[in-house]
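*Asks:* I have a structure here, written as C-alpha cells, and I will follow up with some questions on it.
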Amino acid sequence: MLTAHYSIPLPADYDMDIVVRRVADRAALWDARTGLLFKAFCITEAGGPGPAHNSYAPFYVWAAPQEFARFLTGAEYAGLCAAFGPVPVRTGTILQCTVGTGPAGHLVSETEPLGPVTDLRERARAEAERHRAVLADPAVHSHVVDLDSATMTLTRRTLLREGSEAPRAKSGEQVLRVLHLSQPSPTSTS
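full-length UniProt numbering applies: residue 1 is where the sequence shown begins, and numbers increase by one.
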C-alpha cells in the first residue's frame, strides 16, 4: 500500500466554487476505482482554517501500487498536467492505516522531518501507539501514517468525520476541507 498526494496552488481570487462543482461532477467516477482504498478530494481556501491560499489537494491511499501506476500513466493524470503543467505527486510507504466509513469533513496533515540516524523500527512502534490513541477520538474518521524514505519525513493524516468542527491548524499542521471521500473498499491495516 502507498499514499499519494499533490497540491495545485490556485490564485487568491480564484472562484473555488469551480473546483467544488468539478468534484461534484466527477467524484463518483472514483467511488468504484480498482485498487483504491480512498481518495479524499480536498481543498484549502484563502481565509479558511488552513493555509491562507487556495488549492486543490487530493489525498489517495492505494491498496494496489500497480493501479496507482495506471493512474499516473493514464488519461486522468495526463489531463491534470495538461491543465496545470507538471504536477509532482508525493508518495509514501504506509506505516499505519485505519479507514473508517461514511463522509469526512476535514483532513489534518502533519509532516515531521526525521533525522538521518532515526531508529525507524522504534519510530514505527511509537507511531503504532500514537495511531491507537488518535483513533480513540470519536471525531476521527480515518488515520494514516506514512514514511517518505527519500526525504526522511513522516506524515500523519487524520480525516475528521463530517459535522466535526473545523480545527485550527497548529504549528506544522495543514487543515484541508474534504469535498468528497471516495471509498471503493474501506479496510483497516494497522
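Note that beta-carbon positions come from the ideal geometry of N, C-alpha and C, so glycine has one too.
1. Could you check what DSSP says for Leu80 in three-state terms: helix, strand or coil?
2. What runs of the alpha helix (DSSP H), each 4 residues or longer, lie entirely inside the region 68-136?
3. Select from Ala82, Val89 and Arg26 the residue whose C-alpha is nearest the C-alpha of Ala57.
4. Tell me which residues share the same chain as Met152 and place their Cβ nearer than 6 Å to its Cβ, disregarding the 5 neighbours each side in the sequence.
5. Going along the chain, which residues of its own chain have a beta-carbon closer than 6 Å to the beta-carbon of residue 191, five neighbours each way excluded?
6. With a threshold of 8 Å between beta-carbons, can Ala104 be considered close to chain E, or not?
7. For Ala24, does the count of other Cβ atoms within 10 angstroms reach 16, so buried, or fall short, so exposed?
8. Near Pro65, which residues of its chain fall below 7 Å by C-beta distance, leaving aside the five closest residues on each side in sequence?
9. Determine, using beta carbons only, whether residue 195 and Glu165 come nearer to each other than 8 Å.
10. In this structure, does DSSP put Arg156 in helix, strand or coil?
11. What's the C-alpha gap between Thr189 and Tyr60?
12. When you compare only the Cα positions, how much space is there between Thr187 and Val117?
13. So, with DSSP's three-state summary, where would you put Ser188?
*Replies:* Inspection of the coordinates gives the following:
1. helix
2. 75-84 and 120-135
3. Val89
4. Leu114
5. The structure shown does not extend to residue 191, since the chain spans only 1 to 190, so no value can be given for it.
6. You won't find chain E in this structure, because it holds only one protein chain.
7. exposed
8. Leu2
9. No answer is possible for residue 195: it lies beyond the span of the chain, which begins at 1 and ends at 190.
10. strand
11. Unreliable placement is indicated for Thr189, whose pLDDT of 47 sits below 50; no coordinate value is reported for it.
12. Only weak support exists for where Thr187 lies, its pLDDT of 47 falling under 50; the coordinates are left without a value.
13. With a pLDDT of only 43 at Ser188, under 50, the local geometry of the prediction cannot be trusted, and the value read off the model is given with reservation. Three-state result, Ser188: strand.
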